[in-house]
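Residue numbers (this note's numbering): 4 to 186.
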């Protein structure tokens, strides 16, 4: 079974088009395929329902849920909704695509990147499940840095470190470090 974990955040990338499920910034309602980036509108929190027979997928940016308006049917556009919408998640059943299939709970309707297009702003709709990679989504866990913790970033080639724990907890300090070279 899939390695999706309850209350963890993921970016979902289509196995055919290569675009990510994106909460469109122009209206915070439309769900489209868009080139992968690191903004929160491509970060989705997976929440297992209480019966553990389905999942809710919540936007990290707005708290809205991946869902539909009205009844599920072929061609129904996927949008951000205010209420939890239940999805079924299964491992890929497409040999050429490693990832997950996301279907409207209790139906044979999967999240489908329209025609598997790699173009930005391609609609994501429900479509009858079939063995196409445009209905399979790879997932990458997103980990967010927590406030009030000290972190260091190091440029391994340049020898510069950035310490994000300045005295005021907002500024940064740059430090030079020395890398030992084996003799």
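Beta carbons: idealized from backbone N, C-alpha and C, even for Gly.
| Check | Outcome |
| --- | --- |
| Proximity to residue 11 [Cα-Cα], best of 142, 48 and 139 | 48 |
| Nearest candidate by alpha-carbon position, reference residue 14, set 25, 8, 6 and 20 | 25 |
| Contact the segment 37 to 45 vs the segment 70 to 80: 3+ CB pairs below 8 Å | no |
| Touch test, the segment 56 to 75 against the segment 94 to 101, Cβ-Cβ under 8 Å, three pairs minimum | no |
| For residue 50, three-class secondary structure by DSSP | strand |
| Nearest to residue 131 (by Cα), restricted to the options 111, 73, 65 and 61 | 111 |
| Element boundaries [beta strand (DSSP E), containing residue 9] | Segment: none, residue 9 is in no beta strand (DSSP E) and carries neither H nor E. |
| DSSP beta-bridge partners of residue 189 | Nothing about residue 189 can be read from this structure; the chain reaches only from 4 to 186. |
| For residue 140 and residue 124, believed in contact at Cβ under 8 Å, the rounded distance | Not really, about 18 Å apart at Cβ, beyond 8 Å. |
| Residue 21 versus residue 36: straight-line alpha-carbon distance, rounded | 8 Å |
| Those residues which DSSP pairs with residue 37 across a bridge | 23 |
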